[in-house]
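Beneath this line is the structure, given in structure tokens, with notes to follow.
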Amino acid sequence: RRIFIHQGDRSRLLRQRQARLTPTNQQMLRCQDSTPFTIQVDISNAGTENELLLLEREINLHASVDHPHVIKLWDTLIEEGTVYMIMELAENGTLFAYQNKHRVISEAESFKFFSQTLSAIRYLHSKDMMHRDIK
Numbered sequence: 802r803r804i805f806i807h808q809g810d811r812s813r814l815l816r817q818r819q820a821r822l823t824p825t826n827q828q829m830l831r832c833q834d835s836t837p838f839t840i841q842v843d844i845s846n847a848g849t850e851n852e853l854l855l856l857e858r859e860i861n862l863h864a865s866v867d868h869p870h871v872i873k874l875w876d877t878l879i880e881e882g883t884v885y886m887i888m889e890l891a892e893n894g895t896l897f898a899y900q901n902k903h904r905v906i907s908e909a910e911s912f913k914f915f916s917q918t919l920s921a922i923r924y925l926h927s928k929d930m931m932h933r934d935i936k
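Listed below in structure tokens is the structure:
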């Protein structure tokens, strides 16, 4: 069962426990312990060779990242021009959604979130990476 999470300019996020990606792909994707995961479906129709190379580079970089405060990319499938990225589910959503839900965030909680974010950024910088879309 798919649950729509988010629609961006170039992709959409779906939450699910298992997935048959397309009629031609009979492989079922599921986590061994039924942990929910997200599938990011790239709908940008990145057709030029340069766009595809950039997407492949981003996927390879993301797959190499292993930090507790960075969403994990578990697998990628490209089929019939669509890119499926199987990713860890952020159970609590984005920080923006959390802030909207709770309205007021304490100083201690703000410090915790800020520290986690800085830890992730420090990790990425140590790998000579940067992130241009922190949420």
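By our numbering, the letter at position 60 of the sequence shown is numbered 861, and the numbering carries on one by one without gaps. Note that the Cβ used here is the ideal one computed from N, Cα and C, for glycine as well.
L856 carries a helical assignment under DSSP once its states are collapsed to helix, strand and coil. Collapsing the DSSP output to three states places L890 in coil.
The shortest CA-to-CA distance from T877 to any of V871, S907, S865, H932 is the one to S865. In the three-state reduction of the DSSP assignment, I879 falls in the strand class, which pools E and B. In the DSSP assignment, R933 falls outside any alpha helix (DSSP H) and carries neither an H nor an E.
Taking one beta carbon from each stretch, the segment 906-924 and the segment 851-863 have fewer than 3 pairs nearer than 8 Å; the two do not touch. Burial of M886 is indicated by the presence of at least 16 other C-beta atoms within 10 angstroms of its C-beta. Annotation for Y899: N893 place their beta carbon closer than 7 Å to its own, counting only its chain and skipping 5 residues before and after. In the three-state reduction of the DSSP assignment, H870 falls in the coil class. Contact between L874 and M930 is ruled out by a C-beta separation of about 13 Å, above the 8 Å threshold.
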